[in-house]
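J.: First residue of the sequence shown? That's 1 in my numbering, and the numbers climb one at a time after it. Idealized CB from N, CA, C, for every residue including glycine. Just so it is clear, the structure is predicted and the values come from calculations on it, not from any experiment. Would you mind keeping the following structure in view while I ask a few things?
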Amino acid sequence: MKAAVLRDKKFVIENVPKPLLDEYGEGAIVKVTGCGLCGSDIVKIRTGKAKDGDVLGHEVVGEIVEINSKTEFESGDKVVMGHHVPCFSCTYCWNGNFSMCRHFKETNIIPGGFAQYIYVSEEHLRNTVFHVNLSLSDTEASFMEPLGCCIRAVKRAKIKDNSKNLIIGLGTVGILMGETVKAFGNSVYGCDLLYDRVCLSEKYGFDKSFVLKDEQSTLSEMKKTAPLGFDNVFLTAGASSSLDFAVKAARDGASIVVFSSVKDDMKGFCNNEIYYRELNIIGSYSPSPMDLEDSIALLEERKVKTEGLLTEYPIEGLNDAVNDTLSNKIMKAYIKL
Ligand SMILES: [Zn+2]
Ligand SMILES: [Zn+2]
């Protein structure tokens with residue numbers, strides 16, 4: 001079968017062995033119809049976390065073509081999935097930190113979503129695979145996993161009613177995060193360096209968004225909306241300068257949700273700001289099976305809209321998709337198989 005294999009930080013289309021259900025016994029073979037390109041895929045390539053020979057891609061939509069399972073799934077079912085499964089019985093899981101569970105980190109779809117076929121295990125089928133309602137298109141359904149990540153972040157912030165929430169960074173994840181905050185019934189504001197993205201966010205239901213020009217004028221502009229500062233600030237920008245800005249935009253006692261990695265990690269939050277201003281710094285990484293379940297429901301109920309966010313590429317165009325994402329030419333790529 002065809003797969004995009006990582007070779008020297010680039011995708012190369014290769015003919016690789018199709019996963020065989022017989023090798024695994026239980027589980028299913030899914031024919032991939034499409035797979036979203038995640039920002040984390042690009043980070044993994046650039047940081048060297050992804051190695052030569054790896055097949056990336058985890059925002060998969062596909063159809064079960066072969067199955068041996070005790071679950072209700074059948075051959076022919078259209079499905080979406082989360083790629084990691086927690087054990088539900090370790091210290092991390094007991095404390096709700098499902099994405100820290102060691103079993104979660106070890107489990108995956110095989111070989112990865114940028115391939116014609118993948119193997120999903122029985123425990124995936126039991127916990128992180130979902131039927132796609134026929135009312136959802138493949139591209140809409142492919143948002144199940146990234147939206148699940150946003151839902152987790154919003155839940156972890158424990159947003160109170162009538163709160164003012166700021167999303168820093170209005171890429172696809174920022175837009176989804178804002179829509180999630182809205183879907184939970186709260187007001188949402190955005191800010192980004194790019195004017196186009198600020199306009200776009202308002203089309204997706206943001207109450208107001210700000211162009212980040214110089215820090216001081218943006219902050220004083222924001223004061224008109226949130227005189228004390230924002231109650232919750234979500235960081236999706238992946239730039240270390242935005243950490244400092246988040247602290248300034250937050251009100252005393254606010255929560256700051258960290259939702260992206262940054263290149264120069266040492267420029268972190270300052271101790272005294274956190275202490276004297278009683279700030280809550282909350283990390284949110286990857287979704288739990290419950291978040292995925294909520295995500296598919298939000299998509300089906302059309303509480304989050306995704307049209308216009310994706311640009312389709314054939315699998316042969318994956319390297320272009322990466323470049324176009326990095327140069328902000330597109331919002332997000334969807335690889336059609
Ligand atoms: Zn993802
Ligand atoms: Zn666990």
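Can you tell which of A246, D22, L228 and Y334 has the C-alpha that lies nearest to the C-alpha of F234?
T.: Among A246, D22, L228 and Y334, the Cα nearest to that of F234 is on A246.
J.: From what residue to what residue does the beta strand (DSSP E) around S255 run?
T.: It spans A250 to V258 - the beta strand (DSSP E) in which S255 sits, taken as one unbroken run.
J.: Looking at K2: is its Cβ nearer than 8 angstroms to the Cβ of I282?
T.: Their beta carbons are not under 8 angstroms apart, which means K2 does not touch I282 by this criterion.
J.: Helix, strand or coil for F245? Go by DSSP, reduced to three states.
T.: Three-state DSSP puts F245 in a helix.
J.: Is H84 near ligand 2, in the sense that its beta carbon is under 7 angstroms from a heavy atom of that ligand?
T.: No, ligand 2 has no heavy atom inside 7 angstroms of this Cβ.
J.: Would you mind working out which of D138, C270, P19 and H103 sits nearest F66, comparing C-alpha positions?
T.: Correcting the residue type first, residue 66 is Glu in the shown sequence and not Phe. If we check each option's Cα against that of E66, P19 comes out closest.
J.: Please state whether the Cβ-Cβ distance between I118 and V32 is less than 8 angstroms.
T.: Result yes, Cβ atoms of I118 and V32 sit closer than 8 angstroms.
J.: Nearer than 7 angstroms: is that true of the beta carbon of S99 relative to any heavy atom of ligand 2?
T.: Every heavy atom of ligand 2 is 7 angstroms or more from the Cβ of S99, so no.
J.: Specify the secondary structure class of R302 as computed by DSSP and reduced to three states.
T.: Coil.
J.: With a Cβ-Cβ cutoff of 8 angstroms, do L21 and G53 count as a contact?
T.: For L21 and G53, no; Cβs fall outside 8 angstroms.
J.: Quick one: grab the DSSP three-state call for T236.
T.: Note: T236 maps to coil in three-state DSSP.
J.: List the DSSP bridge partners of R152.
T.: Its beta-bridge partners do not exist; DSSP assigns none.
J.: Taking 7 angstroms as the cut-off, is the C-beta of F234 nearer than that to any heavy atom in ligand 2?
T.: No, the Cβ of F234 stays beyond 7 angstroms of every heavy atom of ligand 2.
J.: Sort L37, I13, L194 and G190 by Cα distance to T311 and report the nearest one.
T.: Closest option to T311, Cα to Cα, is L37.
J.: Output needed for V80: all residues of its chain with C-beta closer than 6 angstroms, excluding positions within five of it in sequence on either side, in chain order.
T.: Here the set comprises V61, F130, V132, A141 and M144.
J.: If you count every other CB in all the chains shown that lies within 10 Å of the CB of A297, and 16 or more means buried, which is it?
T.: Per the 10 Å Cβ criterion, exposed.
J.: For M222, which option in L166, V173 and D41 has the closest C-alpha, if you only look at C-alpha atoms?
T.: When each option's Cα is compared against that of M222, the closest is L166.
J.: Can you tell me which of the three DSSP states E307 falls into?
T.: Looking at E307 - three-state DSSP - the assignment turns out to be coil, as it is neither helix nor strand.
J.: Does the count of Cβ pairs from the stretch 164-180 and the stretch 188-198 closer than 8 angstroms reach three?
T.: These segments touch.
J.: Where do the ends of the alpha helix (DSSP H) carrying R7 lie?
T.: First-last for R7: K2 to R7, but that is the beta strand (DSSP E), not the alpha helix (DSSP H).
J.: When the distance is taken between beta carbons, is T139 closer than 8 angstroms to G34?
T.: Contact flag set, yes.
J.: Counting only the same chain and skipping the five closest in sequence on each side, list residues whose C-beta sits under 7 angstroms from that of C101.
T.: Once the five neighbours on either side are set aside, the close Cβ partners of C101 are P86, C87, C90, Y92 and C93.
J.: Work out the CA separation of T325 and V12 for me, nearest whole Å.
T.: Going from the Cα of V12 to the Cα of T325 covers about 18 angstroms.
J.: With C-beta atoms as the reference, is K9 less than 8 angstroms away from I42?
T.: No; because the gap between Cβ atoms is not below 8 angstroms, this pair is not in contact.
J.: May I ask whether a heavy atom of ligand 2 can be found less than 7 angstroms away from the beta carbon of H124?
T.: The answer is no for H124.
J.: Verify the contact flag: E66, CB atom, against every heavy atom of ligand 1, threshold strictly below 7 angstroms.
T.: Every heavy atom of ligand 1 is 7 angstroms or more from the Cβ of E66, so no.
J.: Should Y92 be listed as close to ligand 2, given that the test is whether its C-beta is under 7 angstroms from any heavy atom?
T.: At least one heavy atom of ligand 2 is nearer than 7 angstroms to the Cβ of Y92, so yes.
J.: CB-CB under 7 angstroms to I330, same chain, minus the five flanking residues each way: which ones, in chain order?
T.: Counting only Cβ-Cβ distances below 7 angstroms, and skipping sequence neighbours, we find T311 and D324.
J.: If we cut at 8 angstroms on Cβ distances, does K305 have a partner in chain C?
T.: The chain inventory of the structure shown lacks chain C, comprising one protein chain alone.
J.: In terms of alpha-carbon separation, which member of S241, G112 and Y276 lies closest to R251?
T.: Here the closest residue by C-alpha is Y276.
J.: If I measure Cβ to Cβ from E346 and keep anything under 7 angstroms in the same chain, skipping five residues before and after, which residues do I get?
T.: The chain is shown only over 1 to 337; residue 346 falls outside these bounds and no answer can be derived.
J.: Is the beta carbon of L176 closer than 8 angstroms to that of L147?
T.: Contact flag set, yes.
J.: Specify, as a first and last residue, the run of the alpha helix (DSSP H) that K10 falls within.
T.: Premise fails: K10 lies in the beta strand (DSSP E), K10 to N15, not in any alpha helix (DSSP H).
J.: Does ligand 2 have a heavy atom nearer than 7 angstroms to the CB of S89?
T.: The answer is yes for S89.
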